[in-house]
Structures are given as structure tokens and as C-alpha cells.
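Protein chains in written order, with UniProt numbering: chain A, 1 to 248; chain B, 1 to 181.
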Amino acid sequence: MMTAPEPNLIRIDDREIPFVHGETIMDAALAADVYIPHLCHFPGITPQGNCKLCTVEVDGKPLTACTSPAAAGQQIRNNIPELNEARKVLTQMLFIEGNHICPSCEKTGNCALQAMAYHLGMLHQHFPQQFPEREVDASHPTIMLDRIRCILCSLCVRASQEVDGKNVFAIAGRGIHASLIVNTASGKLVDSDLEPSDLAARICPVGAILIKEHGYDAPIGKRIFDQHKISEIGLEKIYIAGAKSDDS
Amino acid sequence: MTHKPKLKLATTSLAGCFGCHMSFLDMDERIVELLEHIEFDRSPFTDIKQLGHCDIGLIEGGVCNAENVHVLRTYRASCRILVAVGACAINGGVPAMRNHFSLQECLEEVYLKSPDMINPHIPNDPELPLLLDKVYPVHEVVKVDYFLPGCPPSADTFYRFLSELIEGKEPQIGKVELRYD
């Protein structure tokens, strides 16, 4: 005699959501148009759980939605004041650890960190500004690397390895000393095989990796997050297209 | 029926560009309506030099020199509600981009190394306020009650914020559109 298979359903806040075996909570949520805030997740790229913004409460336990497998019957709390407040604090820490001076950054309006701060209602950075000093790499003719804005999401590292079939970037060091490095003998971007059409050059959610001479193709006021909220599902395609160089 | 006393409003610009003040004026004729309920004290709009006891103080700009610290502390002591207005007041903004360099490097670059200098020297008149080592956000120097983000905050943001205070409501900043640029 066969027993009926347990339905593959999870509950996120007040919604029952189906999932396919092997999917993460994030995969299932995105497929069902349920937004879980995230900065270091990108569909199709192996999740790493770096930014912790997608932390949800699974049966009372805090877990990163992007790395936790969905399992039948999970009761998940996501869009609740406690978690959104914690997400805002994480976002404030990301802001003060780098130099995120939006009015002078060419990524403004296309920046996921900025859009996340809007989404979470961040009015100020609360913590003392670190004003760190980090090396700018302007050696590449068409791509700029300004580490002062890097939030160590590692999307460029993963995109380069998994999608571009290259190995341009890596994260070196730990904790507050962690930094984005270029995998060349000189450590300079010019000696790497990175091209503007590579996903790694276009996936940066902040203004750390920029395609040169295209920063102001779209005027301020007509950029992605001037017209969309970060909570809209499936913005990745526009995001990549928006950052795409004409040369590619 | 007693007339409700007008709220006293003071404003100042520290290490800012006066863009926030210009944006405030962008509320156009609504400022006339606002003046039914508020009265300006010390502000670049009035040119009053002495700060009296105020209900609201709007601070534009970050803190870059000793005079900024003095002015800011005076505003904090005299204003019931102190508001950091704009990107520079909130996180240092564009002036804080000098924080990557030492003060000595900044002074040398501007006053000694700039092209076509006649008699290059670093100004040392005792009347000049001493520069701080870095440009600081306002809330790192005094307690701040509200933050109005934006570069600059829009006239609507100013108008809505002040209207809510006039009505005695808790301002709902950020519940509508937020902008940092």
C-alpha cells in the first residue's frame, strides 16, 4: 500500500509555497514571487550566504534563505519587523565599512546596496564612519575597480569562475582585513583576462566594479532603482543589461 | 481662543554647499503658509547672528573645523529638536572624501602644489578656524533627533517634515520615497 507523498510545501509568513526537491528557501521564494531581501545572491550562481540579509526564521531558528534547503512543512518568518530591523543594522554596517557617498558615486540609482537601504527605510548609518583606505585599480582600459565600495559579496568571484570560465577575482584576508584581490602576478586588473562583457564585470551590486565611460549612459533619475523597487522579483536581467557595456 | 505660539526654527550650514538651503526655498509659496506657524531665528535666510532658544534646528553639512563644532554644539544646546539635513550632515558626504588623505597632504596639495601659485604658503591667520583631522557626520559630535537624507532633501521632504512637527505628529520620514542622491 502506498502512502500519499508529503506535499512539497513551505510556509513563508502567510503563504504556502511549493518547492522542488533540492531547491533552497530562496529559490522557492523567488519562484513564488516572494521577496526575501538579499545582496549576495544571484539566480544561477552558487549561493554563499555572505551578506546575511536573507536571514529568515525557520521553525524559530535564524538561517540564511539562500543556503538553506527547503524542506516540507517548514514554518518560515521573513517579512517581520524584527528581521527587517536586523537587516537594516547589517546594511548600516555595510555602509560605514566602506565609503558609500551616494551623491558622488556613478552607480547611484543602479546600486543594490542603496536600493536595499531605501527598502529598509535607513535614514542614517548609526555607527561611526570607518572611512577606510583601500586601493583603487584603474589599470584596465575599460574596467575600473574601486575597492572602497566593495561589500565582499563575492558575486564577481563566483561569476568569473562559474559563468565566465575564468578566475579573475578572489577574497583575501579575514574579517575586517578581508579584501577583493585580482588573481594576477601583479595583482592588477590590466593583467587579467577580464572583459567588459563578462558577467563578473557586470554583476557588482555596488559601485566597486565599473565599466569605464558608461557610468552616465543613463541619467540620474532614469536608473533602475529610480523606476523599480529592489523588492520586485527578476530585476537581475535589467540589472545586467543596465550595466552592460556597448562594446560587448 | 488663544493663538498657538509659532515654532522657532533655526538653520545653519557647516561643511555643506548650501544646496539643502536652496532646496528648502524650492517649496516656493508654501513657505508663506509655513510662516503662519513658524518663525525663523538664526539662519542664512534671516541673517540673525545670535541664536535664541528654538524648537527646531536644521543642520546642513558635516563637521570639518573647530568653528563647525562650536556652532553645532550651540545649536544642540539651544534647539529642542535637532535635525541632520542632507548627505553631508548624515555621513560627511562629498567633503568627507578628503578623509582618505592626511590634513597635511590636503593643505599642501591646495596651497603649495596647485599650479600658478604666487607666494605659496599654507594660511595660518589666527582668525581662521582650525581644520579637524577628518570631516565628521553631525551625529558623531552631538545627539541628533531626526535625519533627512538626500542630496539635497527635496522641498517636499522639508515641507512634509515641518508640517508634521507643526501638527504635533511624529515625522514619518522614509515612509514615503527615500533618496540619498
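Each residue gets a CB set at the ideal place from its N, CA and C atoms; glycine is no exception.
Apart from the five residues just before and just after A/R11, which ones in its own chain have a Cβ nearer than 6 Å to its Cβ?
Indexing the first sequence from 1 puts residue 11 of chain A at position 11. Excluding residues within five positions, the ones whose Cβ falls inside 6 Å are Q75.
Which residues in the same chain have their Cβ closer than 8 Å to the Cβ of A/L120, if we skip the five residues on either side of it in sequence?
Your numbering for residue 120 of chain A matches position 120 in the first sequence. Closer than 8 Å at the Cβ level, and outside the excluded window around A/L120, lie P37, N84, R87, K88 and T91.
If we count the other Cβ atoms within 10 Å of its Cβ and call it buried at 16 or more, is B/E60 buried or exposed?
Here residue 60 of chain B corresponds to residue number 60 of the second sequence, with the count starting at 1. Buried.
Coil, strand or helix - A/A200 by DSSP
In the first sequence, the residue the question calls residue 200 of chain A occupies position 200. DSSP places A/A200 in helix when its eight states are reduced to three.
Can you tell me whether B/D28 is helix, strand or coil according to DSSP?
Here the question's residue 28 of chain B lines up with position 28 in the second sequence. It is coil, neither helix nor strand.
Is A/Q227 buried or exposed, if buried means 16 or more other CB atoms sit within 10 Å of its CB?
Against the first sequence, residue 227 of chain A aligns to sequence position 227. Exposed, because fewer than 16 other Cβ atoms sit within 10 Å of the Cβ of A/Q227.
Contacts around A/G187, its chain only, beta-carbon distance under 7 Å, and the 5 residues preceding and following it disregarded
For the purposes of this step, residue 187 of chain A is taken as the residue at position 187 of the first sequence. Contacts found: I181.
Check whether chain B comes within 7 Å of A/L235, counting only Cβ atoms and requiring the distance to be less than that.
Here the question's residue 235 of chain A lines up with position 235 in the first sequence. Taking Cβ atoms only, chain B never reaches closer than 7 Å to A/L235, which makes this a no.
Going along the chain, which residues of its own chain have a beta-carbon closer than 6 Å to the beta-carbon of B/K134, five neighbours each way excluded?
Looking up residue 134 of chain B in the second sequence gives position 134. For B/K134, where only same-chain residues beyond five positions count, the Cβ hits under 6 Å are N99.
Residue burial classification, A/N78 (beta-carbon count within 10 angstroms, cutoff 16)
Position 78 of the first sequence, counted from the first residue, corresponds to residue 78 of chain A. Classification of A/N78: buried, given that the 10 Å Cβ count is 16 or more.
Can the beta-carbon of B/V83 be found less than 7 Å from the beta-carbon of B/Y146?
In the second sequence, the residue the question calls residue 83 of chain B occupies position 83. In the second sequence, the residue the question calls residue 146 of chain B occupies position 146. In this structure, B/Y146 lies closer than 7 Å to B/V83 by Cβ.
Using a Cβ-Cβ distance under 7 Å, would A/S104 count as near chain B?
Taking the first residue of the first sequence as position 1, residue 104 of chain A is located at position 104. Answer yes: the Cβ-Cβ gap between A/S104 and chain B drops below 7 Å somewhere.
Name the residue from A/Q48, A/L39 and A/S68 whose alpha carbon lies nearest to the alpha carbon of A/G22.
Taking the first residue of the first sequence as position 1, residue 22 of chain A is located at position 22. Nearest C-alpha to A/G22: A/S68.
Please classify B/K134: does DSSP put it in a helix, a strand, or coil?
As a position in the second sequence, residue 134 of chain B is number 134, starting the count at 1. In the structure shown, B/K134 sits in a strand (DSSP, three-state: E or B).
Go to A/S179, then tell me how far its alpha helix (DSSP H) extends in each direction, as first and last residue.
On the first sequence, residue 179 of chain A is found 179 positions in, with the first residue counted as 1. Careful: A/S179 lies outside any alpha helix (DSSP H), inside the beta strand (DSSP E) at S179 to V182.
If I measure Cβ to Cβ from A/S245 and keep anything under 6 Å in the same chain, skipping five residues before and after, which residues do I get?
The residue you call residue 245 of chain A lines up with position 245 of the first sequence. Model confidence at A/S245 stands at a pLDDT of 43, short of 50, so the residue's coordinates are unreliable; what they give is reported in the following sentence. Only P196, I211 and H214 meet the Cβ criterion.
Return yes when the Cβ of B/G93 is within less than 7 Å of the Cβ of B/G52, no when it is not.
Here residue 52 of chain B is taken as the residue at index 52 of the second sequence, counted from 1. Here residue 93 of chain B is taken as the residue at index 93 of the second sequence, counted from 1. Contact flag unset, no.
Minimum Cβ-Cβ distance from B/D133 to chain A less than 7 Å
Counted from its first residue, the second sequence places residue 133 of chain B at position 133. Output row for B/D133: interface = no.
Between the Cα of B/I166 and those of B/E36, B/S13, B/E29 and B/H21, spot the shortest distance and give me the residue it belongs to.
Within the second sequence, numbered from 1, the residue matching residue 166 of chain B stands at position 166. Nearest option by C-alpha distance: B/E36.
Which of helix, strand or coil DSSP assigns to A/L123:
The count along the first sequence starts at 1 and reaches residue 123 of chain A at position 123. A/L123 falls in the coil class under three-state DSSP.
Which residues, in chain order, does the stretch 145–164 of chain B contribute to contact with chain A at a C-beta distance below 7 Å?
F147, P149 and C151
Output needed for A/A138: all residues of its chain with C-beta closer than 6 Å, excluding positions within five of it in sequence on either side, in chain order.
Indexing the first sequence from 1 puts residue 138 of chain A at position 138. Cβ neighbours of A/A138 beyond the five flanking positions: M144.
Please confirm whether B/G57 and B/C88 have their CB atoms less than 7 Å apart.
Within the second sequence, residue 57 of chain B is the residue found at index 57, counting from 1. Within the second sequence, residue 88 of chain B is the residue found at index 88, counting from 1. No, they are not a contact pair.
Test: A/G121 CB closer than 7 Å to a CB of chain D:
Any reference to chain D falls outside this structure, whose protein chains are A and B.
Rounded to whole angstroms, what's the CA-CA distance from B/L151 to B/K49? Just pull it up for me.
The residue given as residue 151 of chain B occupies position 151 in the second sequence. The residue given as residue 49 of chain B occupies position 49 in the second sequence. As written in the sequence, residue 151 of chain B is Cys, which differs from the Leu given in the question. C-alpha separation (whole angstroms): 26 Å.
May I ask you to list the residues that DSSP assigns as paired with A/Q75?
Stepping through the first sequence from its first residue, residue 75 of chain A is reached at position 75. A/Q75 pairs with A/R11.
Beta strand (DSSP E) containing A/K61: first to last residue?
As a working note, residue 61 of chain A is residue 61 in the first sequence. Its beta strand (DSSP E) spans residues K61 to T64.
Neighbour-count burial assignment, B/L25, 16 or more Cβ in a 10 Å radius:
As a position in the second sequence, residue 25 of chain B is number 25, starting the count at 1. Exposed, because fewer than 16 other Cβ atoms sit within 10 Å of the Cβ of B/L25.
Residues of chain A with a CB under 7 Å from the CB of B/A10: which are they?
Numbered from 1 along the second sequence, position 10 holds the residue referred to as residue 10 of chain B. Simply none; closest approach about 21 Å.
Candidates B/V141, B/D55 and B/A10: closest to B/F40 by CA position:
For the purposes of this step, residue 40 of chain B is identified with residue 40 of the second sequence, where counting begins at 1. The candidate whose alpha carbon is nearest that of B/F40 is B/A10.
Cutting at 6 Å between CB atoms, please list the residues of its own chain near B/M1, excluding the five before and the five after it.
Start at 1 with the first residue of the second sequence, and residue 1 of chain B comes out as number 1. Note on B/M1: pLDDT 47, under 50, position unreliable in the model; no value is reported.
For B/S43: DSSP bridge partner residues
Within the second sequence, the letter at position 43 stands for residue 43 of chain B. Partner(s): B/I48.
Which one or two residues does DSSP pair with A/D146 in a beta bridge?
Working through the first sequence from its first residue, we reach residue 146 of chain A at position 146. Beta-bridge pairing links A/D146 to A/V136.
If you drop the 5 nearest sequence neighbours on each side, which residues of the same chain put their C-beta closer than 6 Å to that of A/S248?
One-based indexing of the first sequence puts residue 248 of chain A at position 248. Residue confidence for A/S248 is low, a pLDDT of 39 falling below 50, so the modelled location carries little weight and cannot support an answer.
Residues within the stretch 71–94 of chain B neighbouring chain A, beta-carbon criterion of under 8 Å:
A84, A87, I90, N91, G92, G93 and V94
Would you list the residues sitting across from B/K8 in a DSSP beta bridge?
Along the second sequence, read from residue 1 onward, the residue named residue 8 of chain B stands at position 8. Beta-bridge pairing links B/K8 to B/E39.
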